[in-house]
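In numbering that gives the first Met the number 0, the protein residues as written are 0 to 108. Beta carbons: idealized from backbone N, C-alpha and C, even for Gly. All values derive from a computational prediction rather than experimental measurement.
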Amino acid sequence: MELARLLGLEETKMATEQEKHMLRLLIPLAKLYTAKQAIAVASEGLECFGGQGFMEDTELPVVLRDIQALSIWEGTTNILCLDVLRCIFKSQGKVLDVFFSTAQVSTNK
Numbered sequence: 000m001e002l003a004r005l006l007g008l009e010e011t012k013m014a015t016e017q018e019k020h021m022l023r024l025l026i027p028l029a030k031l032y033t034a035k036q037a038i039a040v041a042s043e044g045l046e047c048f049g050g051q052g053f054m055e056d057t058e059l060p061v062v063l064r065d066i067q068a069l070s071i072w073e074g075t076t077n078i079l080c081l082d083v084l085r086c087i088f089k090s091q092g093k094v095l096d097v098f099f100s101t102a103q104v105s106t107n108k
């Protein structure tokens, strides 16, 4: 939800510099997390049907293959990690300061 809020602020040109840094850091992390979770969920769904889930006429294997391609379309794990590193270097570490200060405020609530 925080990512959606930050994206809304950025789109309406209301984001502060700190919020822009957070958005730049969280986008590749969210893409990586959702792609990996989608694969796990689809695999669990396939297993729920037992041996029948692996039959090609159920369309479930097609869904799993399509979801596995999601991590390639969104960027491989390596590319997304490089995107995070690029964000850190480009901001000269400011993005990490923002991240840790935001995390500290959130944990103190």
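{"Check": "Residue range of the unbroken alpha helix (DSSP H) whose run includes Gly-7", "Outcome": "1 to 10"}
{"Check": "Cβ shell of Gln-17 (< 6 Å), same chain only, five flanking positions each side left out", "Outcome": "Val-97"}
{"Check": "Between the CA atoms of Cys-86 and Leu-2 - distance to the nearest angstrom", "Outcome": "16 Å"}
{"Check": "Buried/exposed call for Arg-64, threshold 16 Cβ in 10 Å", "Outcome": "exposed"}
{"Check": "Ser-100 versus Ala-37 - alpha carbon distance", "Outcome": "30 Å"}
{"Check": "8 Å Cβ cutoff met for Leu-8 and Val-83", "Outcome": "no"}
{"Check": "DSSP-derived helix/strand/coil call for Ser-70", "Outcome": "helix"}
{"Check": "Contact set for Leu-31: own chain, Cβ-Cβ below 7 Å, skip 5 residues either direction", "Outcome": "Thr-76 and Leu-79"}
{"Check": "Status (buried if at least 16 other CB within 10 Å, exposed otherwise) for Arg-4", "Outcome": "exposed"}
{"Check": "Enclosing alpha helix (DSSP H) for Thr-106 [first to last residue]", "Outcome": "93 to 107"}
{"Check": "Alpha carbon of Thr-57 to alpha carbon of Gln-51, nearest angstrom", "Outcome": "7 Å"}
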